[in-house]
Amino acid sequence: MIDTAYRVHVLPGALDAIGGVVRVAARAHRYAIITDTNVGPLYGARARAAMAGAACEVFAIPAGERHKTRATWAQVTDQMLAAGFGRDSAVIALGGGVVGDLAGFVAATFMRGIPFVQTPTSLLAMLDASIGGKTGVDTPAGKNLVGAFHEPAAVLTDPALLASLPVEHYRAGLAEALKHGVIADAAHFSAVAVTGAELRHGRPDDRSMSALIARSVEIKSAVAAGDFRESGRRKTLNFGHTIGHAIEHLSGYSQLHGEAVAIGMCVEAALAERMAIAEPGTADRVRAACEATGLPSSRPADIDPEAIVRATHGDKKGRAGRAQYALPTRIGAMAFGDYGWTAPVDDRLVLAALA
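So in this note's numbering, the last spot in the sequence shown is 1113, and the numbers never skip.
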């Protein structure tokens, strides 16, 4: 169990204990379990049974990032209203990052805000997306541009659920763990890189993954502490995401989030070296770790570098129409601590790094 502003439980078999956790952390008259069409058939009935007789209804959205939209948010909220849910309700997010973001946004806005519990089922959601209270949906202009900060009442992480996760999604989750290592812990970066390289021989056991997930959660929680609305050090968590979000959006979300972030980290680490911010070899280490894990390390050939740069200008982290970048000084440390942790970068330098 990890103490943040809320409890994060990391334990194999934790899904079957959801009823007890939810009754303590988010006591409610009724519960809306929001899942998707991939996860629902696998774990929806099990989660409902674990609620041990509590009044629950399951709402399933279509799976995939392209369905994380205002239209899907409206559909779910309308279904909850039609089913008679009120302010004495709570939401349980059961799924990956898409479900967690959307269900959290439903909870943040339904009846002006009701409690919710994150029950992540993907590695990326377990070690990153479920932590920190960011919720939202995508728009045609970009990723996560409409949303709210709304912390979960608890996070219930069951590494045993990763057994059903496709290997490409497993790799994509490790990209965020590598990011945590780059921004705050060189030893964690090295450990995750070893785990990624060993994926070709099989997946880690639940105990090993529990430890990896717990360390990433500790890093993210420590970085985000006291900076709920991302005005300071929490911005470093966006390393790899300025370029990554642009690539993800331009791919029509055919590129997995973690894959796009891996590319973003490689490009932004190279950018940091070009600007003499990062020590030599930093970009090579990031690239080698991504490639050993089976993650992409360069932009897709069919996405134009200038289109990527234009897309970064609409990123929610930008200011005055200029993209802001969180850049490393080395593995385990970030730049711009004296300037708010991010800084604008000339588009010409970004284009050179993308090339």
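No residue lacks a Cβ here, since even glycine has one placed at the ideal position from N, Cα and C.
### Task
Report back the beta-carbon spacing between Leu800 and Trp831 to the nearest angstrom; my notes put them in contact at under 8 Å.
Mapped onto the sequence shown, residue 800 falls at position 42. Mapped onto the sequence shown, residue 831 falls at position 73. Rounded, the Cβ-Cβ distance is 23 Å, inconsistent with contact.
### Message
Is there a Cβ of chain D sitting closer than 8 Å to that of Pro910, yes or no?
### Response
Here chain D cannot be found, since the structure has a single protein chain.
### Exposure of Glu1006, with buried meaning 16 or more beta-carbon neighbours within 10 Å
Position 248 of the sequence shown, counted from the first residue, corresponds to residue 1006. The residue in question, Glu1006, is buried, as its Cβ has 16 or more Cβ neighbours within 10 Å.
### Residues that DSSP places opposite Met838 in a beta bridge
Working through the sequence shown from its first residue, we reach residue 838 at position 80. Paired residues: none, contrary to the question.
### Query
Should Val782 be labelled buried (16 or more other beta-carbon atoms within 10 Å of its own) or exposed?
Taking the first residue of the sequence shown as 1, we reach residue 782 at position 24. Val782 comes out exposed.
#### Entry: CA-to-CA distance, Thr1000 to Glu1037, given in whole angstroms
For the purposes of this step, residue 1037 is identified with residue 279 of the sequence shown, where counting begins at 1. For the purposes of this step, residue 1000 is identified with residue 242 of the sequence shown, where counting begins at 1. Those two C-alpha atoms are separated by around 21 Å.
### Query
Does the distance from the C-beta atom of Ser888 to that of His927 stay below 8 Å?
Residue numbering aside, residue 888 sits at position 130 when the sequence shown is read from its first letter. Residue numbering aside, residue 927 sits at position 169 when the sequence shown is read from its first letter. Result no, Cβ atoms of Ser888 and His927 do not sit closer than 8 Å.
### Query
So who's on the other strand from Asp794, going by DSSP bridges?
As a first step, residue 794 is located in the sequence shown; it is residue number 36 there, counting from the start. Ile819, per the DSSP bridge assignment.
### Task
Could you tell me the boundaries of the beta strand (DSSP E) in which Ile850 lies?
Residue numbering aside, residue 850 sits at position 92 when the sequence shown is read from its first letter. Per DSSP, Ile850 belongs to the beta strand (DSSP E) from 847-853.
#### Entry: Of the residues Val1067, Gly1090, Met1092, the one placed nearest Ala1081, counting alpha carbons only
Stepping through the sequence shown from its first residue, residue 1081 is reached at position 323. Comparing Cα positions, the closest option is Val1067.
#### Entry: Sequence-distant residues of its chain with Cβ nearer than 6 Å to Arg929 (five each side left out)
Sequence index remark: in the sequence shown, residue 929 carries index 171 (1-based). Counting only Cβ-Cβ distances below 6 Å, and skipping sequence neighbours, we find Thr1051, Gly1052, Leu1053.
### Message
Buried or exposed for Leu1112, going by 16 or more other Cβ atoms inside 10 Å?
### Response
Taking the sequence shown and counting its residues from 1, the one referred to as residue 1112 is at position 354. Buried, because 16 or more other Cβ atoms sit within 10 Å of the Cβ of Leu1112.
### Task
Could you pull the start and end residues of the beta strand (DSSP E) that Pro878 belongs to?
If you number the sequence shown from 1, residue 878 lands on position 120. 874-878 is the extent of the beta strand (DSSP E) around Pro878.
#### Entry: Reduced DSSP secondary structure (H/G/I, E/B, other) of Arg1088
Reading the sequence shown from its first residue, position 330 is the one you call residue 1088. Strand at Arg1088.
#### Entry: Nearest to Pro858 (by Cα), restricted to the options Glu823, Val981, Ser974
For the purposes of this step, residue 858 is identified with residue 100 of the sequence shown, where counting begins at 1. Note that residue 858 is Gly in the sequence shown, not Pro. Answer by Cα proximity: Glu823.
### Task
Leaving out five residues on either side along the sequence, give the residues of the same chain with a beta carbon under 7 Å from the beta carbon of Ala812.
Here the question's residue 812 lines up with position 54 in the sequence shown. Cβ within range, chain order: Gly777, Tyr789.
### Query
In three-state DSSP terms, what is Gly894?
Taking the first residue of the sequence shown as position 1, residue 894 is located at position 136. Strand, per DSSP.
### Task
Figure out for me which residue from Ala784, Arg785, Arg806 has the closest Cα to the Cα of Ile792.
Position 34 of the sequence shown holds residue 792. Per the Cα distances, Arg806.
#### Entry: Any 3 or more C-beta pairs closer than 8 Å across the stretch 947-958 and the stretch 915-923
no
### Task
Check whether the Cβ atoms of Ala1046 and Glu1031 sit closer than 8 Å, and answer yes or no.
Residue numbering aside, residue 1046 sits at position 288 when the sequence shown is read from its first letter. Residue numbering aside, residue 1031 sits at position 273 when the sequence shown is read from its first letter. No; because the gap between Cβ atoms is not below 8 Å, this pair is not in contact.
### Task
Take the Cβ of Tyr1083 as the centre, count every other Cβ of all protein chains shown within 10 Å, and call the residue buried at 16 or more, exposed below.
In the sequence shown, the residue the question calls residue 1083 occupies position 325. Label assigned to Tyr1083: buried.
### Query
Grouping DSSP H, G and I as helix and E and B as strand, with all else coil, what is His1003?
Residue numbering aside, residue 1003 sits at position 245 when the sequence shown is read from its first letter. Here His1003 sits in helix by DSSP.
### Query
For Thr795, which residues of its own chain have a beta-carbon under 6 Å away from its beta-carbon, when the five flanking residues on both sides are left out?
As a working mapping, residue 795 is identified with position 37 in the sequence shown. The answer, listed in chain order, is Ala818, Pro820, Ala821.
### Task
With a cut-off of 8 Å on the beta carbons, I'd call Ala945 and Val981 a contact; round off their distance for me.
In the sequence shown, the residue the question calls residue 945 occupies position 187. In the sequence shown, the residue the question calls residue 981 occupies position 223. Not a contact, Cβ separation roughly 16 Å.
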